[in-house]
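K.L.:
I have a structure here, written as structure tokens, and I will follow up with some questions on it.
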Amino acid sequence: MPRTTRNADAPDLSSRTPQLRVLARSVGAVTALLLDPLRSDRPDAAFESTLPDAGLPTPTAAVTLTAFAQVTRSVPTMAIVRGLREPTTVLNAMTTFLVRHPSATFLIDPAICDDIRGRVLPQLPQPMRAVVTPPSDVISVTRSLGSLGIPEDEIDFALPTHLHWDHVAGLVDLPLVPIRTSHAEWDWAMSGPRAPQGVVRRPLENRAVTFYDLAGPPVLTFERSHDLFGDGSVVLVDMAGHTPGSVGVLLHVGAGDWVLMAGDAVWHLLQVEKVRPTASFPGRLTDNDRAGAMRTIRRLAALDRRVTIVPTHDHDATARYVRG
Ligand SMILES: [Zn+2]
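In the working numbering, the protein residues as written are -19 to 304.
This is how it looks when you write it as structure tokens:
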């Protein structure tokens, strides 16, 4: 059932997160980052060998996938993939995706609003804010829609892979676009006096929400699913760990080709290739459950090779879908 969220005048309390607590966690995470190369990452063969592959859905429809153009930034690899000290850097982007299904048009991870530095980032505590502030020329969702000639009222809903600020902030400029998420993710993000680390509530409040349940059968290596349109073309799969309700969005893009939108389950495909978690800093601040996040990475590493994995922030993985 759609519903509209509460309290038009309630303040966003995420800005009140105690700075000392965040700083203490950051010091621990940075220390772990510096020590990481001294540790070895052992494959968990026992877990991977027990991963059943339930196979792909049987679709009766297909969708088209478009990634919005976005600026990139170079990040040291050791700040993305734990323990990887390759001298090269990884291009990182904040990307929004447009999906057209025969019966609906929707956005996956509407990332950036106009003036994000003034309207959203001040609600993030330091040092997180300093670490994640995007380049000043970052491209907003509404600008991308405009450049592609897509009217805002053509967007039927938003489907974030999870509710971290950089996957929903573009909704600030799209107040009438409803959102689809799970109770697990919504309750984690919106309950209690303070937003969890990485969540800004402003884009989510006073918005129509439709909840889904991952009550469907296993798909590929994932234990739970939800077939969004009932035709096998857009199937959500459980990727809990990074956040409690993180999902992957499995898209049938036609001719037996599949794309799995992986959100922040990994920040870069190097993590799937090497079977590594995100770097301890900032990963320890942004992963709600590090062990759960690692299990999801192992599920991705064991995937059917016919499925193309697209992490939201991996520039190279998203580039082939960019238009405009
Ligand atoms: Zn995230």
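Glycine included, C-beta positions come from ideal geometry on N, C-alpha and C. Model, not experiment: these values are computed from the prediction.
Roughly how many angstroms lie between the CA atoms of P107 and L265, to the nearest whole one?
P.N.:
Cα to Cα, P107 sits roughly 10 Å from L265.
K.L.:
Considering only heavy atoms of ligand 1 and the C-beta of each residue, which residues fall inside 5 Å, strictly closer?
P.N.:
Those satisfying the condition are, in chain order, H144, D244.
K.L.:
Whole angstroms are fine: how far does the CA of P114 sit from the CA of P197?
P.N.:
Cα-Cα distance, rounded: 38 Å.
K.L.:
For A164 versus G225, is the C-beta distance shorter than 8 Å?
P.N.:
Yes.
K.L.:
With DSSP as the reference, identify every bridge partner of F191, one or two as the case may be.
P.N.:
Partner(s): T161.
K.L.:
Closest by CA to D306, which one among V215, V79, R300?
P.N.:
Absent from the model: residue 306. The displayed extent of the chain is -19 to 304, so no value can be given.
K.L.:
Report, in whole angstroms, the separation of the C-beta atoms of V246 and I277, which I expect to be a contact under 8 Å.
P.N.:
Yes, they are in contact, since the Cβ atoms of V246 and I277 sit about 6 Å apart, within 8 Å.
K.L.:
Taking only the alpha-carbon atoms, compute the straight-line gap between P17 and D207 and give it to the nearest angstrom.
P.N.:
With a pLDDT of only 49 at P17, under 50, the local geometry of the prediction cannot be trusted, and no value is derived from it.
K.L.:
Our contact map puts P39 next to H232 with C-beta atoms below 8 Å; I'd like the distance itself, whole angstroms only.
P.N.:
The pair is a contact, with the Cβ atoms about 4 Å apart (cut-off 8 Å).
K.L.:
In the DSSP assignment, what are the bridge partners of H142?
P.N.:
Beta-bridge pairing links H142 to no other residue.
K.L.:
Short check: CB of S162 to CB of L184, under 8 Å?
P.N.:
No, Cβ-Cβ distance for S162 and L184 is not below 8 Å.
K.L.:
Cβ atoms of R187 and L151: under 8 Å apart, would you say?
P.N.:
Yes, they are a contact pair.
K.L.:
So, are the CB atoms of G221 and D167 less than 8 Å apart?
P.N.:
Contact flag unset, no.
K.L.:
Compute the beta-carbon to beta-carbon distance between A59 and A259, rounded to the nearest angstrom, for a pair I have assumed lies under 8 Å.
P.N.:
Yes, they are in contact, since the Cβ atoms of A59 and A259 sit about 5 Å apart, within 8 Å.
K.L.:
Any idea what DSSP makes of R286, helix, strand or coil?
P.N.:
Three-state result, R286: coil.
K.L.:
Taking just the CA atoms, how far does P176 sit from F77?
P.N.:
Cα-Cα distance, rounded: 25 Å.
K.L.:
Please go through the same chain and pick out, in chain order, the residues whose beta-carbon is closer than 7 Å to the beta-carbon of T201, but skip the five residues on each side of it.
P.N.:
These residues qualify, in order along the chain: L31, D33, R279, A282, L283.
K.L.:
Give me the residue from V290, I88, G272 with the minimum Cα distance to M219.
P.N.:
Closest option to M219, Cα to Cα, is G272.
K.L.:
Please identify the residue among R160, T57, D94 whose C-alpha is closest to the C-alpha of V229.
P.N.:
Among R160, T57, D94, the Cα nearest to that of V229 belongs to R160.
K.L.:
Tell me which residue opens and which closes the alpha helix (DSSP H) that P262 is part of.
P.N.:
Segment 260 to 266, the alpha helix (DSSP H) holding P262.
K.L.:
Looking at the unbroken beta strand (DSSP E) that takes in G228, where does it start and where does it end?
P.N.:
Counting along the chain, the beta strand (DSSP E) containing G228 begins and ends at 227 to 234.
K.L.:
Only counting the same chain, and skipping five residues up and downstream in sequence, which positions put a Cβ closer than 8 Å to that of D117?
P.N.:
Here the set comprises V51.
K.L.:
For S171, count neighbouring C-beta atoms within 10 Å of its own C-beta (all shown protein chains included) and say buried if the count is 16 or more, exposed if not.
P.N.:
Result: exposed.
K.L.:
Restricting to Cα atoms, I'd like to know which of D153, W238, H295, R275 is closest to R286.
P.N.:
Closest by alpha carbon: W238.
K.L.:
What's the call for L87, buried or exposed, on a 16-neighbour Cβ count within 10 Å?
P.N.:
It is buried - the Cβ of L87 has at least 16 other Cβ atoms within 10 Å.
K.L.:
Enumerated in chain order, which unbroken segments of the alpha helix (DSSP H) with a length of 4 residues or greater are wholly contained in the segment 51 to 134?
P.N.:
Taking only runs of at least 4 residues, the alpha helix (DSSP H) segments lying wholly in the segment 51 to 134 are 96 to 99, 108 to 112, 121 to 127.
K.L.:
If you drop the 5 nearest sequence neighbours on each side, which residues of the same chain put their C-beta closer than 7 Å to that of D153?
P.N.:
Within the same chain, D153 has close Cβ partners C93, D94, S120, V121, T122.
K.L.:
Would you tell me roughly how many angstroms separate the C-alpha atoms of G129 and Q103, rounded to the nearest one?
P.N.:
One C-alpha to the other measures close to 32 Å.
K.L.:
So, at 7 Å on beta carbons, what are the nonlocal neighbours of V252 in its own chain, with the 5 sequence-adjacent residues on each side left out?
P.N.:
Closer than 7 Å at Cβ, skipping near neighbours: V246, I277, L280, A281, I289.
K.L.:
For R181, does the three-state DSSP call read helix, strand or coil?
P.N.:
Of the three classes helix, strand and coil, the one that applies to R181 here is coil, per DSSP.
K.L.:
Excluding the five sequence neighbours on either side, which residues of its own chain have a C-beta within less than 8 Å of the C-beta of A242, listed in chain order?
P.N.:
Excluding positions up to five away in sequence, the list reads T141, M219, G228, L280, I289, V290, P291, T292.
K.L.:
Return the residue from the list E132, P257, V100, F191 that minimises the CA-CA distance to V179.
P.N.:
If we check each option's Cα against that of V179, V100 comes out closest.
K.L.:
Just the Cα atoms here: how many angstroms apart are E203 and V55?
P.N.:
When rounded, the distance between both Cα atoms is 33 Å.
K.L.:
One question on the structure: do P37 and V217 come within less than 8 Å of each other, judged by their Cβ atoms?
P.N.:
Not closer than 8 Å, so no.
K.L.:
Strictly by DSSP, which residues pair up with F209?
P.N.:
Answer is none; F209 lacks a bridge partner.
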